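Position 100 (the sequence shown) corresponds to 239 in my numbering; numbering is contiguous.
Just so you know, even glycine gets a beta-carbon here, dropped at the ideal spot from N, CA and C.
In this text, all values refer to a predicted model and were calculated from it rather than measured experimentally.
Note sheet for the following structure.
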Amino acid sequence: MWISFSLGMSMFAVSPVTTLIMDDYSINRGTASLLVGLIPLTHLLLAIPGSMLVSRIGPRKLIFLGAVLGSTPILSFLAVNFPLLVITRVIYGIGLALVFPSFGPLAMHWFRPKELPVMNGLFVAALTLGMAISSFAIAPISEAVGWKAALSIFGGVPLLGAFFWIALGQRAQASVQLVGHLTFKSTLRIVRSRNTLLIAAADAGPYALLTAAVAWLPTYYHEVHGMSLSEAGSLMGLLSLAGAISLVAASLLVLRIRRRRPMLIVPGVIVGFAGFGSFLLADTPLVVVAVVVLGAAAWFYVPTLLTIPMELPGADANSVAVTFGTLMSMGSIFTMISPLTVGVTTDLLGSYIPGLALFSVLAWSLMVAGAMLPETGKAEPQTTHR
């Protein structure tokens, strides 16, 4: 959870200070969007191969390596030009792509079936809490020490998690009994299965909207509605904080509500409307409500969605790792293009609204895919828990 929390600090830390970055490097919005958009690109390319490495290298080593690579933004203070800053972000994305698929097999073997939704929720809640803290703090710290130093401060936190993981997590590898090495053929079979594709589609829409919103809403609020960078960053902090609280609430609620599909469909309906509200209500006090609801709906479903692969018939550690990798990889297609699309359409059309509206509509993929997934929560979950 500490590694997840610390990695979350750097995910969207650049968003509240995007204006400062554009000014310092003399770049446009489309170029600046690469700071967020290239992270999903690394996930698209590496998440599935990373999930295959889980069965060969083991989750303990991959989590350590991922935490070390995820601390690369500590070098932001050395970024004398924009390409160097982009490199730190890409390597950070590689680290995240190694940690996430490694978590699923560990959770399956360390926790009882009824505990899995709780642990899945807490793992992601830690990530969103890190996002919230950096969103609240990045602008004030940047005013004091500069935006490069501020990014370096948040970027270095995962190193502490990597140290304690390698020092205290000695039993992690022995605790997981992986079922042989995954081959390309078996991996492809899991990736192409109907349920895997639906799980990935359910997450892709809300994740793309969330990425576009966090990447550009602070700049939209600042440029169009005259908010200070600190005020705009605080709204994004509220969004992430609402997500963290929503994740904890969903983790507890899923203990009482055994059905999985309603936990996807209900937030799937809400998230699109909240997306529209986050920019259409920007000049009213209701924008706070819209942002909070968006943050809550965009994360509420995650504990359930991450639990479904563990409950499917025949699920084992390898299949869960590949499903997690596919979820990250396929979702990254949309999250890669979402900030870039908003940035480019704004440069071309002079308005943020068309791009943000597009991804608010796409966020309803959660509702559609949730209705099409099988119900796995009515019977006792099938796992390979030891």
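In chain order, Ala-339, Asp-342, Ala-343 and Tyr-346 place their CB closer than 7 Å to the CB of Gly-470, counting only its own chain and leaving out the 5 sequence neighbours on each side. Under the 10 Å beta carbon count, Pro-155 is surrounded by 16 or more other beta carbons and is classified as buried. Taking 7 Å as the cut-off, the Cβ atoms of Ser-215 and Leu-290 count as close. The C-alpha of Leu-192 lies about 9 Å from the C-alpha of Ser-241.
At a Cβ-Cβ threshold of 7 Å, Ala-502 and Gly-416 do not count as neighbours. If only complete runs of 4 or more residues are kept, the segment 250-322 shows the alpha helix (DSSP H) at 255-284, 286-294 and 296-307, in order along the chain.
Taking each of Met-161, Ala-383 and Asn-334 in turn and checking the Cα distance to Gly-147, the smallest one comes out for Ala-383. Counting C-beta atoms within 10 angstroms of its own C-beta, Arg-168 has 16 or more neighbours from the protein chains shown and is therefore classed as buried. Out of Ala-276, Val-441, Val-483 and Phe-303, the CA that lies nearest to the CA of Ala-264 is found in Val-441. For Arg-168, the enclosing alpha helix (DSSP H) stretches over residues 168-171.
Taken through DSSP and simplified to helix, strand or coil, Glu-514 comes out as coil. Remark: fewer than three beta-carbon pairs, one from each stretch, lie closer than 8 Å, so the segment 484-498 and the segment 181-196 are not flagged as touching. In this structure, the beta-carbon distance from Met-475 to Leu-204 does not fall below 7 Å. Under the DSSP assignment, Trp-503 falls outside any alpha helix (DSSP H); it carries neither an H nor an E label.
Taking a C-beta distance under 7 Å as the contact criterion, Phe-463 and Gly-243 qualify as a contact pair. DSSP places Gly-147 in the helix class (H, G or I) of the three-state scheme.
Just so you know, the alpha carbons of Ala-381 and Gly-372 end up roughly 14 Å apart. Between the alpha carbons of Phe-303 and Ile-230 lies a gap of roughly 21 Å.
In chain order, Leu-505, Met-506 and Gly-509 place their CB closer than 6 Å to the CB of Gly-407, counting only its own chain and leaving out the 5 sequence neighbours on each side. Here Ala-437 has Pro-345, Leu-349 and Val-410 as same chain residues with Cβ atoms under 6 Å from its own Cβ, once five neighbours each way along the sequence are excluded. Within the model, the alpha-carbon separation for Leu-268 versus Gly-489 is close to 33 Å. Measuring C-alpha to C-alpha distances from Phe-151 to each of Lys-253, Arg-195, Gly-294 and Leu-261 identifies Gly-294 as the nearest.
Taken through DSSP and simplified to helix, strand or coil, Arg-331 comes out as helix.
The Cβ atoms of Leu-386 and Gly-260 sit closer than 7 Å to each other.
Between Leu-208 and Ile-233, the C-beta spacing is below 7 Å.
Just so you know, the alpha carbons of Val-483 and Leu-224 end up roughly 20 Å apart. Taken in chain order, the complete alpha helix (DSSP H) segments of 4 or more residues contained in the segment 430-485 are 441-450. Listed in chain order, the non-local C-beta contacts of Leu-392 below 8 Å within the same chain comprise Met-402, local neighbours out to five positions each way being set aside.
Counting along the chain, Leu-201 sits inside the alpha helix (DSSP H) bounded by residues 198-209. With a threshold of 16 other beta carbon atoms within 10 Å, Glu-514 falls short and is exposed.
Apart from sequence neighbours up to five positions away, the residues of its chain that approach Tyr-164 with a beta-carbon distance below 6 Å are Phe-221, ordered along the chain.
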